[in-house]
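Visitor:
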Amino acid sequence: MSRAFVKESDDQATELPERPQSPYPNMVTPRGLALLRQQEADLEAQKKVITAEEDLLDKEQVSVIDRDLRYIQDRIATAITVDLAAQPRDHVDFGAIVDTVDENDVKHRFEIVGEDEADPSAGKISWVSPVALALKDAAVGNVVVWKRPAGNLELEVTRIVYPE
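Numbering (UniProt numbering), first residue to last: 1 to 164.
1) Beta-carbon separation of D116 and H108 under 8 Å?
2) Along the chain, where does the alpha helix (DSSP H) that runs through E44 open and close?
3) Taking contact to mean 3 or more Cβ pairs, one atom from each stretch, closer than 8 Å, check whether the region 146-161 and the region 122-132 are in contact.
4) Taking DSSP's pairing of strands, which residues face K147 in a bridge?
5) On the CB-based measure, 16 or more other CB atoms within 10 Å of its CB, does A96 come out buried or exposed?
6) According to the neighbour-count rule (16 or more other Cβ atoms, all chains shown, within 10 Å of its Cβ), is V157 buried or exposed?
7) With H, G and I counted as helix, E and B as strand and the rest as coil, what does DSSP make of L155?
8) Given V64, which residues of its chain have a CB within under 8 Å of its CB, disregarding the five upstream and five downstream residues?
9) Look up D99 in the DSSP assignment and give the residues it is bridged to.
10) DSSP puts K124 in a beta bridge; with which residues?
11) Exposed or buried, A41, counting other C-beta atoms within 10 Å across all chains shown (16 or more means buried)?
12) When the Cβ atoms of the region 76-85 are set against those of the region 26-43, are three or more pairs found closer than 8 Å?
13) Expressed to the nearest angstrom, what Euclidean distance is found between the alpha-carbon atoms of N152 and Q87?
14) Give the range of the beta strand (DSSP E) segment to which A79 is assigned.
15) At what residues does the alpha helix (DSSP H) containing P23 begin and finish?
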């Protein structure tokens, strides 16, 4: 009989490709590291609940959780926690909360965080994002150019603070 008609074992979960790791150093804020550890704990708790049941769907879910756990554990293992208290107060660097005003007098606030902590809708931007790279090393009063697909935008830095 052709192998095309042979059913694979139902007790094996599908092999999933690994989640890609960033090529950049894994810079994190203390909050970012805590969030990664919480994600790890949440995934382990989900796995514990699911493995108590035994059906094929659960095995697929366990495969997804195992893959995500490996990703999160790698992110934790490679984390470089930045001491925000040691960051310079006179210019923009990792961990800064930066207030800006653009050429249209629209105000923006950005918090520069690690890649896993980034949430642009909440103003938290990855330290390797175009706007964070434009702001890096800027001081209050400096004007930087944010290179965007929608067109370049000039931002004037009006305030720089670091979380305590």
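Glycine included, each C-beta is placed from N, C-alpha and C at the ideal position. Model, not experiment: these values are computed from the prediction.
Guide: Taking the definition as stated:
1) no
2) 30-51
3) yes
4) Partner(s): none; K147 has no beta bridge.
5) buried
6) buried
7) strand
8) L16
9) R109, R159
10) E111, D119
11) exposed
12) yes
13) 28 Å
14) 79-81
15) Element bounds for P23: n/a, residue is neither H nor E.
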